[in-house]
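Chemist: Take a look at the following structure, please.
In full-length UniProt numbering, the protein residues as written are 1 to 180.
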């Protein structure tokens, strides 16, 4: 039986290709964040339409629970069509979800930190991380357009770093494949 490491070593070129594509995606997100954001929304829209249509088809074949599956499918198709027809509004809606999530989780971390007894260092780390989340959410809400661009650029930087690490991993896997 082939182990996971051996399987990866034999397919090191695919790992390399994945790293290169990730670096290219990251570079595009950094260089053209507005276009990348719209492209991401359009890809989401296409995915949501296909996923929703699949859910509807699966719901039609079921005898029990079909209404829920069909309902979820219809919502997916509608969300996908909205994203495809109005990509700017869809990107803004996603930004608002991220902003409110950051604020709510930030408040949760602050509350957890305040309630944490016996670990003063941990208490302040929770409080500071919570404040960072709240500040991020407020900044995103204060200037949503710039916030969306900043998120795409941040994703781009992470993608470049991830891609570089994947390329380095592929080189190590290539060496390992020669040893196997």
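In this text, a Cβ means the ideal position worked out from N, Cα and C, and glycines have one as well.
Quantities reported herein were computed from a predicted structural model and do not represent experimental measurements.
Roughly how many angstroms lie between the CA atoms of residue 163 and residue 175, to the nearest whole one?
Modeler: Residue 163 sits at position 163 when you count from the first residue of the chain shown. Residue 175 sits at position 175 when you count from the first residue of the chain shown. Roughly 19 Å separates the two Cα atoms.
Chemist: Tell me the rounded alpha-carbon separation between residue 130 and residue 154.
Modeler: Counting from one through the chain shown, the residue named residue 130 turns up at place 130. Counting from one through the chain shown, the residue named residue 154 turns up at place 154. About 20 Å.
Chemist: Report the three-state DSSP secondary structure of residue 64 (helix, strand or coil).
Modeler: As a working mapping, residue 64 is identified with position 64 in the chain shown. The answer is coil: DSSP assigns residue 64 none of H, G, I, E or B.
Chemist: With distances taken Cα to Cα, identify the nearest neighbour of residue 136 among 117, 22, 146, 103.
Modeler: Along the chain shown, one-based indexing puts residue 136 at 136. Checking every option, the nearest Cα to that of residue 136 belongs to 103.
Chemist: Contact between the stretch 39–57 and the stretch 79–96 is defined here as three or more beta-carbon pairs at a separation below 8 Å; is this criterion met?
Modeler: The stretch 39–57 vs the stretch 79–96: in contact.
Chemist: Give the straight-line distance between the Cα atoms of residue 68 and residue 87, rounded to the nearest whole angstrom.
Modeler: To locate residue 68, count along the chain shown from 1; it is residue 68. To locate residue 87, count along the chain shown from 1; it is residue 87. Looking at the two C-alpha atoms, the distance is approximately 27 Å.
Chemist: Quick one: measure Cβ to Cβ for residue 37 and residue 150, integer angstroms, because I've assumed they're closer than 8 Å.
Modeler: Against the chain shown, residue 37 aligns to sequence position 37. Against the chain shown, residue 150 aligns to sequence position 150. Between residue 150 and residue 37 the Cβ distance is about 11 Å, and since that is not below 8 Å, they are no contact.
Chemist: In whole angstroms, what is the alpha-carbon distance linking residue 167 and residue 161?
Modeler: For this step, residue 167 is matched to residue 167 along the chain shown. For this step, residue 161 is matched to residue 161 along the chain shown. When rounded, the distance between both Cα atoms is 10 Å.
Chemist: I'd like the span of the alpha helix (DSSP H) that includes residue 163, first residue to last.
Modeler: Within the chain shown, the letter at position 163 stands for residue 163. Residue 163 -> alpha helix (DSSP H) spans 144–179.
Chemist: If you draw a straight line from the alpha carbon of residue 20 to that of residue 179, how long is it in whole angstroms?
Modeler: Position 20 of the chain shown holds residue 20. Position 179 of the chain shown holds residue 179. Rounded to whole angstroms, residue 20 to residue 179 spans 24 Å at the Cα level.
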